[in-house]
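Asks: Numbering (the numbering used here), first residue to last: 11 to 270.
Ideal Cβ placement from N, Cα and C applies to all residues, glycine included.
In this text the structure is predicted, and so the values were computed from the model without any measurement.
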């Protein structure tokens, strides 16, 4: 895979239709200073793009939290990107699209990829406090999966933690946009079916089919990874095996807690 290919959340319920959301959201592109009004279920979302350029995960995270702001959920990111690509010709969205097309967009989640066996899969855990170390064990995570199940992906009641089984995940280029929306890792990363469908719509603006990457555990041990979104210019990519100590990317920040 091209070195530039990349390509994910504190997640929460997605039971409202996108078209029916009526509460306006003020969004500010920090590096451009422009404001727009779009319809979203959250109160405030703004892209955080340091003027000095992309940075390591922990530096982006620190900047956001030091400002007293909140890390966005995968569902919120799916709503914002869907709106941005739908209105791609609007100069107000130029900065957002450039992050994905030319940089990397960090997803504030931790992924725990289990070794390939009968219980293999990936746990997607929100990085709401952006801890530097991932110390939660599979057994602890499993106890929290007491919510609903979507296309084989299990969630906690508040959808902040999810588990996508091995058989629901397909890596590399997806067969179709529908296959992308039904990919277990995509569903887990974006808080459910609606968030995954939003991202399938985003990926449809690219010439080639979307791609998904990750890495299952080896030698009987799980692998830990971070997620980010990006593009190689031809296809949209979600990569769940990023190294937070080496890869550079940009992030989004939210100013207030969600209403759901």
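For residue 228, name the three-state secondary structure that DSSP assigns.
Replies: Residue 228 sits at position 218 when you count from the first residue of the chain shown. The answer is strand: DSSP assigns residue 228 an E or B state.
Asks: Apart from the five residues on each side of it in sequence, which residues of its chain come closer than 6 Å, Cβ to Cβ, to residue 174?
Replies: Locating residue 174 in the chain shown gives position 164, counting from the first residue. Excluding positions up to five away in sequence, the list reads 131, 132, 163, 194, 195 and 198.
Asks: Taking Cβ positions, are residue 118 and residue 137 nearer each other than 8 Å?
Replies: As a working mapping, residue 118 is identified with position 108 in the chain shown. As a working mapping, residue 137 is identified with position 127 in the chain shown. Contact: yes.
Asks: Could you tell me the distance, in whole angstroms, from the CA atom of residue 134 to the CA atom of residue 121?
Replies: Numbered from 1 along the chain shown, position 124 holds the residue referred to as residue 134. Numbered from 1 along the chain shown, position 111 holds the residue referred to as residue 121. One C-alpha to the other measures close to 5 Å.
Asks: Going by DSSP, name the residue or residues bridged to residue 117.
Replies: Along the chain shown, read from residue 1 onward, the residue named residue 117 stands at position 107. Note: residue 117 sits in a beta bridge opposite 237.
Asks: Got a sec? Which residues, its chain only, sit under 8 Å from residue 142 by beta carbon, not counting five neighbours each side?
Replies: Translated into positions along the chain shown, residue 142 becomes position 132. Its pLDDT being 46, under 50, residue 142 is placed unreliably by the model, and the measurement read from it follows with that caveat. Hits under 8 Å: 68.
Asks: Tell me, please, which residues DSSP counts as bridged to residue 222.
Replies: For this step, residue 222 is matched to residue 212 along the chain shown. According to DSSP, which records beta bridges pairwise, residue 222 is partnered with 182 and 248.
Asks: Could you give the C-beta distance for residue 222 and residue 180, rounded to a whole number, given that I count them as a contact under 8 Å?
Replies: If you number the chain shown from 1, residue 222 lands on position 212. If you number the chain shown from 1, residue 180 lands on position 170. Right, the Cβ-Cβ distance comes to about 7 Å (below 8 Å), so this counts as a contact.
Asks: Looking at the structure shown, is residue 103 part of a helix, part of a strand, or coil, going by DSSP?
Replies: Here residue 103 refers to the residue found at position 93 of the chain shown. Looking at residue 103 - three-state DSSP - the assignment turns out to be helix.
Asks: Would you list the one or two residues that DSSP bridges to residue 83?
Replies: In the chain shown, residue 83 corresponds to position 73, counting from 1. None, per the DSSP bridge assignment.
Asks: Which residues bound the beta strand (DSSP E) around residue 172?
Replies: Here residue 172 refers to the residue found at position 162 when the chain shown is read from its first residue. Counting along the chain, the beta strand (DSSP E) containing residue 172 begins and ends at 172-175.
Asks: Considering only C-alpha positions, which residue in the set 87, 72 and 249 is nearest to residue 207?
Replies: Position 197 of the chain shown holds residue 207. If we check each option's Cα against that of residue 207, 87 comes out closest.
Asks: The ligand SAH heavy atoms versus the CB of residue 257: any closer than 7 Å?
Replies: Among the components modelled here there is no ligand, and therefore nothing to report on the ligand SAH.
Asks: Below 7 Å CB to CB, which residues in the same chain sit around residue 237 once its five sequence neighbours on both sides are set aside?
Replies: The residue labelled residue 237 in the question sits at position 227 within the chain shown. Contacts found: 18, 117, 119, 121, 199, 248, 249, 250 and 252.
Asks: With DSSP run on the structure shown, which of helix, strand or coil describes residue 65?
Replies: For the purposes of this step, residue 65 is identified with residue 55 of the chain shown, where counting begins at 1. Three-state result, residue 65: strand.
Asks: Taking the alpha carbon of residue 177 as the reference point, which residue from 203, 201, 202 and 125 has its own alpha carbon closest?
Replies: Translated into the one-based positions of the chain shown, residue 177 becomes position 167. If we check each option's Cα against that of residue 177, 125 comes out closest.
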